[in-house]
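Residue numbers (my numbering): 2 to 193.
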């Protein structure tokens, strides 16, 4: 009897230890379906591809120190309520394109932004809290992985968009080569 009890106790410990501390994103199948039908079809649009390629070329020589300085400037402008750098990005053609796509989604999209090959924002529907995304999973698990990579994050409250969302990120490719990435904040309460 004692041997049976010890075996059951050991199995219970293994079962508990093997369970992750947090549950998987229960919305992931719906989010991926939304992405496949509503986002992926326009990722090859010339407005997206040309903007990413142009920024990749423009920023080809940027050092890590230059990137850090740009991110600090963005954060300072965000804290101050705006500035030239933020206005330039939010007012560019790609940002207008993304805002139109967000508006057409009827509240499902809480935010979206496109990043270049260094992880810096190229265009965005709404002002992000920082400019450099290259140190975050949304860029590292997509662009750094290569073409066709998709990453769905956990559901959480996002300060930038003021919504409970999960972010789905994907590599943006041109001719089979990764050139950047996109992150789309999906308001999980608005999913179809």
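Every residue gets a Cβ at the ideal spot worked out from N, C-alpha and C, and that includes glycine.
Taking the C-beta atoms as reference points, residue 50 is found nearer than 8 Å to residue 175.
For residue 130 and residue 177, the gap between their C-alpha atoms comes out near 31 Å.
The alpha carbon of residue 192 has as its nearest neighbour, out of 68, 150, 107, 100, the alpha carbon of 107. The alpha-carbon of residue 29 is positioned some 10 Å away from that of residue 36.
Counting only residues of its own chain and dropping the five nearest sequence neighbours on each side, residue 147 has a CB closer than 8 Å to the CB of 172, 179. Taking C-beta atoms under 8 Å as the contact rule, residue 167 and residue 187 qualify, at a distance of about 5 Å.
Setting aside the 5 residues that flank it on each side, residue 140 is surrounded in the same chain by 116, 120, 134, 182, each with a C-beta closer than 6 Å to its C-beta; the list follows chain order.
For residue 160, there is no enclosing alpha helix (DSSP H), as DSSP gives it neither H nor E.
Apart from sequence neighbours up to five positions away, the residues of its chain that approach residue 60 with a beta-carbon distance below 7 Å are 117, 119, 121, ordered along the chain. Distance from the CA of residue 190 to the CA of residue 75, rounded to the nearest whole angstrom, comes to 30 Å.
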